[in-house]
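There are 2 protein chains.
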Amino acid sequence: MDHAPTTTRRTRRSSGAVTLHDVARLADVAPITASRALNTPDRVSPEVLRKVTDAVRRTGYVPNLLAGGLASTRSRLVAAVVPTIAGPVFLQTVHALTEALAARGYQLMLGQSGYVDSREDALLEAIIGRRPDGIVLTGIVHSAQGRKRLLAAGIPVVETWDLTPTPIDMLVGFSHDRVGEEVCGYLAARGRKRLAVISGDDDRARRRQKSFEQAAARLGLPIPQVELVPAPATHASGRKALANLLARDPKVDAVFCSSDTLAMAVMTEARARGIAVPGDLGVVGFGDLEFAATLAPALTTVRIDGSRLGEIAAKFIVDRASGKDVPQPVVDIGFTLMERESA
Amino acid sequence: MDHAPTTTRRTRRSSGAVTLHDVARLADVAPITASRALNTPDRVSPEVLRKVTDAVRRTGYVPNLLAGGLASTRSRLVAAVVPTIAGPVFLQTVHALTEALAARGYQLMLGQSGYVDSREDALLEAIIGRRPDGIVLTGIVHSAQGRKRLLAAGIPVVETWDLTPTPIDMLVGFSHDRVGEEVCGYLAARGRKRLAVISGDDDRARRRQKSFEQAAARLGLPIPQVELVPAPATHASGRKALANLLARDPKVDAVFCSSDTLAMAVMTEARARGIAVPGDLGVVGFGDLEFAATLAPALTTVRIDGSRLGEIAAKFIVDRASGKDVPQPVVDIGFTLMERESA
DNA sequence: GTGAAAGCGCTAACAA
DNA sequence: TTGTTAGCGCTTTCAC
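Quick mapping for you: the protein sequence lines, in order, are chains A and B. Just so we're aligned, residue 215 is where the first sequence starts under our numbering, counting upward by one. Just so we're aligned, residue 215 is where the second sequence starts under our numbering, counting upward by one.
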């Protein structure tokens with residue numbers, strides 16, 4: 215038994231799984247033909263297609279996408295980066311993104327940047343290392359250095375939830391400036407005079423706040439009170455914020471909150487204090503979260519179509535990866551002020 | 215310029231990125247040595263380590279994890295499957311999982327199974343195709359066939375958010391039966407008599423409901439009213455559910471809700487009807503979501519340590535992938551009844 | 001401690 | 001339409 219070993223050379227432990235080779239052998243075709251039968255079935259004879267399909271079924275073959283990605287430089291993987299998945303804000307977007315990608319044979323890899331930049335480098339490295347076909351930045355401001363790295367790696371980037379004047383690459387978002395402006399105008403039109411803003415301390419929320427203030431100035435209203443809460447905004451911090459606000463100006467008659475969570479907290483605090491909403495205090499939220507419409511009073515808020523946003527982002531990346539060009543890679547999906555009862 | 219091309223044979227468009235080869239050449243070592251310098255730095259001379267580190271920095275090299283995964287059959291990728299990311303329930307778990315994995319050099323791939331089983335096959339195929347080092351099932355009941363496929367593919371599986379008697383592989387969860395029991399006992403001890411359950415129509419919630427009912431029977435209380443809402447549970451469906459409940463039995467004096475979202479909706483509806491909480495109606499939630507503690511009245515609810523759960527799941531998979539064995543791969547993380555004001 | 005060779009499982013390029 | 005060949009970029013195995 216020591217002589218004439220059929221295979222002498224070094225042997226690697228293979229993963230043991232069924233490979234395309236096995237399928238091809240069973241179907242009695244070359245591996246590349248089996249590959250074509252699976253990836254471009256219309257470029258293969260019906261006979262071959264049948265044999266390969268059959269072999270796949272009999273073996274339970276599942277293509278190794280690592281190998282495929284390496285060979286084709288198309289990983290069919292998309293990275294999404296959010297500050298944290300634990301906040302409810304980007305959920306709808308991530309949900310839609312995952313679905314839209316899955317429908318096209320892509321998978322989503324999730325990255326959390328946190329609210330500090332310290333780990334950005336490690337995160338980028340982890341992402342680039344997977345050679346994704348695209349990356350979706352949601353509610354993120356990457357450092358200039360980070361952007362450069364992404365670009366250098368040749369990875370298509372979709373920025374979302376914002377309309378920056380200088381997009382890195384592709385973009386689908388809306389104008390935070392216009393949100394602030396429109397909400398302020400709405401409140402003013404309803405006769406509110408002493409306005410206030412309770413805002414999460416993140417870049418976009420701050421921009422809504424600033425444009426809200428500017429609009430107030432243009433309308434000749436007093437300078438709005440501003441109360442900042444640390445990101446991520448919580449129900450607790452929202453209650454506290456209203457308390458602080460009232461301590462500074464008990465006569466505030468409307469608050470624009472940077473999220474529905476905050477708005478809900480403000481309504482809770484107002485009720486606890488016997489302040490009537492919308493009678494004494496108008497409240498406007500942001501996000502139109504699931505509960506907004508059925509709160510009592512129903513929350514007036516700003517609706518962002520996160521689903522549509524996610525779908526467009528997915529389409530952008532898949533198109534780009536397929537070699538199609540994306541002629542208009544900047545989309546403003548707008549927003550809708552949902553007029554309900556709270557303001 | 216037409217003659218003597220330095221490389222004549224077929225040329226593939228390489229990705230163009232810096233490879234380990236480039237780094238090795240610059241550091242004047244063999245590729246495998248560069249690989250060792252990066253992966254097992256203590257098995258390499260300080261001199262080599264320095265040269266390689268230097269070359270990496272100068273070139274901006276980022277290892278191709280697709281290639282690494284293919285060669286080593288360790289993808290450093292973990293798949294997490296949830297019914298939907300859009301519900302707030304599993305957020306903390308997914309958050310913790312992502313973080314814990316990132317800290318160990320792993321990435322998370324997100325899959326959504328939806329609330330119907332139709333797409334399960336496609337999802338499993340997509341997951342298995344990536345050859346992940348593990349898969350975390352969160353709030354999911356996979357079909358027997360699905361389980362078999364996973365097992366056949368040799369992928370370590372961690373089931374979470376439950377304590378099944380027959381785990382596929384590893385498991386970290388808690389007993390839904392005991393939750394129902396404990397909540398019922400708590401309510402009874404506080405003198406509540408006419409109990410009710412508002413429950414999302416998913417497997418786990420139903421189990422909490424059943425054990426709640428059984429406990430009520432043991433305590434000699436009337437059979438609790440049950441109101442089912444379709445998954446995913448919403449604020450709107452919660453309000454409706456209380457309305458239905460009261461139509462059937464206006465004297466209900468306590469409700470156990472299968473999620474904090476539902477509990478919040480119940481409190482909203484109660485307030486709209488002038489029913490005092492906890493005076494007329496006790497309300498208990500489930501999940502201890504962020505807002506629960508600061509609602510007014512503060513919500514009595516059941517707390518699950520999603521962070522710990524995620525961390526343990528991550529550790530299980532990474533240990534398994536590292537060849538360590540996981541001696542006790544079944545962990546009951548328990549739960550805590552957070553006694554607050556609403557009941 | 002370092003290196004040469006081989007190969008992980010797939011697909012791009014070329015040829016018939 | 002089908003097949004041959006040569007890699008994609010890395011790590012395993014074996015040898016020094």
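Ideal Cβ placement from N, Cα and C applies to all residues, glycine included.
query                                                                                                                                                                                               : result
Note down, in chain order, every chain A residue with its Cβ under 8 Å from the Cβ of B/H235.                                                                                                       : Near B/H235 there are no residues of chain A at all, since even the closest Cβ is about 15 Å away, more than 8 Å.
Note down, in chain order, each residue of its chain lying with its Cβ closer than 7 Å to the Cβ of B/E525, except the 5 sequence neighbours on either side.                                        : A310 and A314
Assess contact between the segment 291 to 305 of chain A and the segment 486 to 499 of chain A, defined as three or more Cβ pairs (one per stretch) separated by less than 8 Å. Is contact present? : no
Just to check my reading of the structure: A/T307 and A/G520 have Cβ atoms closer than 8 Å, yes? What is that Cβ distance to the nearest angstrom?                                                  : 4 Å
State the start and end residues of the unbroken beta strand (DSSP E) segment that holds A/E441.                                                                                                    : Q439 to V443
Relative to the alpha-carbon of A/L409, which residue among A/G230, A/S249, A/V303 and A/A557 has its alpha-carbon at the smallest distance?                                                        : A/A557
Cβ closer than 7 Å: which chain B residues qualify as neighbours of A/T298?                                                                                                                         : H309
Given that A/V276 touches chain B, what residues does it touch there, using C-beta distances under 8 Å?                                                                                             : E339, I342, G343 and A367
Just to make sure I have the definition right: I need the residues of chain A whose C-beta is within less than 7 Å of the C-beta of B/A510. Which are they?                                         : T482, R485 and A486
Which parts of the segment 349 to 415 of chain B are runs of the beta strand (DSSP E), unbroken and 3 residues or longer, counting only runs that do not cross its ends?                            : 371 to 374, 384 to 387 and 409 to 414
Under three-state DSSP, which class holds A/G325?                                                                                                                                                   : strand
Can A/S473 and A/G499 be called in contact, C-beta distance under 8 Å?                                                                                                                              : yes
Helix, strand or coil for B/F470? Go by DSSP, reduced to three states.                                                                                                                              : strand
Taking the Cβ atom as the reference point for each residue, do A/S249 and A/V295 lie within a distance shorter than 8 Å?                                                                            : no
Relative to the C-alpha of B/Q423, which residue among B/I412, B/R432 and B/S536 is closest?                                                                                                        : B/I412
If we call anything under 8 Å between Cβ atoms a contact, is B/M552 one with B/T515?                                                                                                                : yes
Taking only the alpha-carbon atoms, compute the straight-line gap between A/A561 and A/C398 and give it to the nearest angstrom.                                                                    : Nothing can be reported for residue 561 of chain A, as the shown portion of chain A is limited to 215 through 557.
Would you mind giving the Cβ-Cβ distance between A/A238 and A/A231, rounded to the nearest angstrom? I have them listed as a contact below 8 Å.                                                     : With a Cβ gap of about 15 Å, A/A238 and A/A231 do not count as contacting.
When we look at the beta-carbon of B/E504 and count the other beta-carbons within 10 Å, is it buried (16 or more) or exposed?                                                                       : buried
Once the 5 residues before and after B/D533 are set aside, which same chain residues still bring their CB inside 6 Å of it?                                                                         : V540
Compare the C-alpha of A/I369 against each of A/S357, A/W375 and A/D383 and name the closest.                                                                                                       : A/D383
In this structure, how does DSSP classify B/D268 when only helix, strand and coil are distinguished?                                                                                                : helix
Going by DSSP in three states, B/D494 sits in which element: helix, strand or coil?                                                                                                                 : coil
With 8 Å set as the bound, which would you pick, yes or no: does the beta-carbon of A/Q306 sit closer than that to a beta-carbon of chain B?                                                        : yes
Touching or not, the segment 456 to 476 of chain B and the segment 432 to 443 of chain B, by the rule of three or more beta carbon pairs under 8 Å?                                                 : yes
So, with DSSP's three-state summary, where would you put B/A455?                                                                                                                                    : helix
Do A/L523 and A/T380 count as a contact pair if the criterion is CB distance below 8 Å?                                                                                                             : no
Give a yes or no on whether 8 Å exceeds the smallest Cβ distance from A/E525 to chain B.                                                                                                            : no
Measuring alpha carbon to alpha carbon, tell me which residue in B/A431, B/G325, B/A340 and B/K454 is nearest B/L476.                                                                               : B/K454
For chain B, is any of its Cβ atoms less than 8 Å away from the one on A/A455?                                                                                                                      : no
Kindly list, in the order they appear in chain B, the residues whose Cβ is closer than 7 Å to that of A/L584.                                                                                       : Outside the modelled stretch of chain A, which goes from 215 to 557, sits residue 584 of chain A, for which no answer is possible.
Could you confirm whether any beta carbon from chain B is found closer than 8 Å to the beta carbon of A/T220?                                                                                       : Since pLDDT at A/T220 reaches only 38, below the 50 mark, its modelled position is unreliable, and the value read off the structure follows with that caveat. Taking Cβ atoms only, chain B never reaches closer than 8 Å to A/T220, which makes this a no.
For A/L279, would you say it is in contact with chain B, using Cβ-to-Cβ distances shorter than 8 Å as the test?                                                                                     : yes
Taking Cβ-Cβ distances shorter than 7 Å, what residues in chain A pair up with B/E504?                                                                                                              : T448 and H449
Looking at the ligand PLP, does it come within less than 7 Å of A/P446, judged from the CB to the closest heavy atom?                                                                               : In terms of ligand content, the structure shown is empty, and the ligand PLP therefore cannot be addressed.
Locate the alpha helix (DSSP H) running through B/R422, then write down its first and last residues.                                                                                                : D417 to R432
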